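Novice:
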Amino acid sequence: MAERKPAVPWQRGRLVFGGLLSVALGTMTVVAGLGGTTGRLALLVTLVGVILTLVIDAFFRREESIHHDQNQLAEISSALAITKSLADAPSECQAFVREIAEQWIRIDDRNSAILLKLREARQRAFTEDMRDLANGQSSLGRRQEFRPGILPALTKMTALSATGNDYWWTGRDTTYLAAERSAVTDGGLTLHRILVLSRSDIDGAMLELLREQLDAGIVLDVVIREEVSPLDQGCLTSDRALVTDKGGIVGVVIPGNDENDAVVDAGHFTINEDRIENTRDILQTLAPYQTPAADLLKRQSELDHG
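Given below as structure tokens:
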């Protein structure tokens, strides 16, 4: 709490100026010469002036005191609001805030202009990210959050893999597939993947990949790109996943679609109703074109042994 500041010179000057003005008026009364009553009148003028000075000074001091008390009340209210926010926050948040405060003070103690500037930028970015999260959306790196860190938080996921299928041939899918298997078998995740392929993609390696995903407990359907109507080809322009988390919240994960590396490009997560409905419409539009991967493997096996 801020300490009350001592009176500034102009505040003390009010009394000095008023007193001198009162004496000056009394002196002028004497000089003017008003008969036998001059002395008494001069004294009366001086006393009235002094009284007025004291009254005016008391008025100003009262206004200053009110203003000071209002500032103190605002500081107390702000401190109480912060205290209440921390008291209402979960213990994890309280521990996080304490750690942030400690690191903040350490940066201040270093007194580095560069560190202070970097801290300002990090603070601004973090605040914006937290505000986005509170509003139900966030940028999302496929490798960091979506692959595979978000899987344990989900109960249901329908994933459309239409543009990033090179991922499945790079060897980078091994960890993600293992995480999916764990989420399905141990975490109770219901995972449905819709894999969009061209006819030329279906070879021995692709068939083995389908078997691996089915063995992981994934409900796997295949859409042949060439069989999709020209009117519905727009549904194949981006990867996306409709997810339901363990809190019952439905959202959409849209990974990035960088042509050079769709795996690491950032995407985003949102609970925006328009995005959710748009994703549902896309999945519903593609439903007639889907073939269970198990049926595709069965037909291919029959052809091989025919």
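1 is the number of the first residue of the sequence shown in full-length UniProt numbering; add one for each residue after it. Built from N, CA and C at the ideal position, the CB exists for glycine as well. A quick note: this is a predicted structure, and the numbers were derived from the prediction, not measured.
1. Going by DSSP, what residue range makes up the beta strand (DSSP E) through isoleucine 194?
2. Mind checking which residues open and close the beta strand (DSSP E) that includes glutamine 290?
3. So, is leucine 303 buried or exposed, given that buried needs 16 or more other C-beta atoms within 10 angstroms?
4. Could you spell out the range, first to last residue, of the alpha helix (DSSP H) harbouring valine 97?
5. Output the distance between the C-alpha atoms of serine 65 and valine 253, rounded to the nearest integer angstrom.
6. Evaluate contact between the stretch 278-292 and the stretch 221-230, counting only Cβ atoms and requiring at least three cross-stretch pairs below 8 Å.
7. On the three-pair Cβ rule with 8 Å, is the stretch 273-284 touching the stretch 208-215?
8. Starting from glycine 204, follow the beta strand (DSSP E) in both directions and report where the run begins and ends.
9. In its own chain, which residues sit with a C-beta less than 6 Å from the C-beta of serine 301, not counting the 5 before and 5 after it?
10. Find the nearest neighbour of lysine 246 within the set Gln72, Gly188 and Ser229, judged by alpha-carbon distance.
11. Could you give the distance in angstroms between the alpha-carbon of aspartate 215 and the alpha-carbon of serine 238?
12. Nearest to threonine 270 by CA position, among Arg131, Ile194 and Ile202, is which residue?
13. Using alpha carbons as the reference points, say which of Asp295, Val243 and Gly267 lies closest to proline 152.
14. Quick one: measure Cβ to Cβ for leucine 160 and arginine 240, integer angstroms, because I've assumed they're closer than 8 Å.
15. Reducing DSSP to helix, strand and coil, say where alanine 287 ends up.
16. Helix, strand or coil for lysine 156 per DSSP?
17. With the cut-off set at 9 Å, would you say leucine 191 and glycine 217 are in Cβ contact?
18. Taking buried to mean at least 16 other C-beta atoms within 10 Å of its own C-beta, is threonine 158 buried or exposed?
19. Determine the burial state of glutamine 213: buried for a count of at least 16 other Cβ atoms within 10 Å of its Cβ, exposed for fewer.
20. Could you tell me the alpha carbon to alpha carbon distance between threonine 163 and alanine 89, rounded to whole angstroms?
21. Over the uninterrupted alpha helix (DSSP H) stretch that includes arginine 240, give me the two end residues.
22. What is the DSSP secondary structure of leucine 139, reduced to helix, strand or coil?
23. How many Å lie between proline 9 and arginine 61 at the Cα?
24. Kindly list the residues whose CB is nearer than 8 Å to the CB of isoleucine 107, restricted to its own chain and excluding five residues on each side of it in sequence; keep chain order.
25. Where does threonine 270 fall in DSSP's three states?
26. If you draw a straight line from the alpha carbon of glutamine 72 to that of arginine 181, how long is it in whole angstroms?
27. Quick one: does arginine 110 have its CB under 9 Å from some CB of chain D?
28. State the beta-bridge partners of isoleucine 224 as determined by DSSP.
29. For serine 301, which three-state DSSP category applies?
30. Classify glycine 251 as helix, strand or coil using the three-state DSSP reduction.
31. Are the Cβ atoms of arginine 199 and arginine 225 separated by less than 9 Å?
32. In the DSSP assignment, what residue or residues form a beta bridge with residue 307?
33. Provide the residue span of the alpha helix (DSSP H) that contains aspartate 129, from first to last.
Specialist: Straight from the coordinates:
1. Per DSSP, isoleucine 194 belongs to the beta strand (DSSP E) from 190-197.
2. Where glutamine 290 is concerned, the enclosing beta strand (DSSP E) stretches over 290-292.
3. Exposed.
4. Membership of valine 97 in the alpha helix (DSSP H) is indicated by the continuous run 91-110.
5. Between serine 65 and valine 253, the alpha-carbon positions lie close to 57 Å from each other.
6. Using a Cβ-Cβ distance cut-off of 8 Å, the stretch 278-292 and the stretch 221-230 are in contact, since at least three pairs of beta carbons, one from each stretch, lie closer than that value.
7. Flag = no, the stretch 273-284 and the stretch 208-215 do not touch.
8. From DSSP, glycine 204 is part of no beta strand (DSSP E) but of the alpha helix (DSSP H) over 204-215.
9. Closer than 6 Å at Cβ, skipping near neighbours: no residue.
10. Taking the Cα of lysine 246 as reference, the smallest distance to any Cα among Gln72, Gly188 and Ser229 is reached at Gly188.
11. The straight-line gap from Cα to Cα measures roughly 26 Å.
12. Comparing Cα-Cα distances from threonine 270 to each of Arg131, Ile194 and Ile202, the minimum goes to Arg131.
13. Comparing Cα positions, the closest option is Val243.
14. About 5 Å separates the Cβ atoms of leucine 160 and arginine 240, confirming a contact at the 8 Å cut-off.
15. Annotated three-state conformation of alanine 287 is helix, per DSSP.
16. When DSSP states are grouped into helix, strand and coil, lysine 156 belongs to the strand group.
17. A contact, by the Cβ cut-off of 9 Å.
18. Classification for threonine 158: buried.
19. Per the 10 Å Cβ criterion, buried.
20. Rounded to whole angstroms, threonine 163 to alanine 89 spans 42 Å at the Cα level.
21. Where arginine 240 is concerned, there is no enclosing alpha helix (DSSP H), although the beta strand (DSSP E) it sits in stretches over 240-245.
22. This sequence places serine at residue 139; leucine is not what is there. It is a strand residue.
23. Its pLDDT being 49, under 50, proline 9 is placed unreliably in this model, and the value from its coordinates should be taken loosely. Taking the straight line joining both Cα atoms gives about 13 Å.
24. Its chain contains Leu115, Leu116 and Arg119 as the residues whose beta carbon lies nearer than 8 Å to that of isoleucine 107, once the 5 sequence neighbours on both sides are disregarded; these appear in chain order.
25. The three-state secondary structure of threonine 270, taken from DSSP, is strand.
26. Taking the straight line joining both Cα atoms gives about 59 Å.
27. Given the protein chain composition of this structure (a single chain), no chain D is represented.
28. In DSSP, isoleucine 224 forms a bridge with Leu197.
29. Taken through DSSP and simplified to helix, strand or coil, serine 301 comes out as helix.
30. Looking at glycine 251 - three-state DSSP - the assignment turns out to be strand.
31. Cβ distance < 9 Å, so arginine 199 and arginine 225 count as in contact.
32. Limits of the chain in this structure are 1 at one end and 306 at the other, which puts residue 307 out of reach.
33. 113-134 is the extent of the alpha helix (DSSP H) around aspartate 129.
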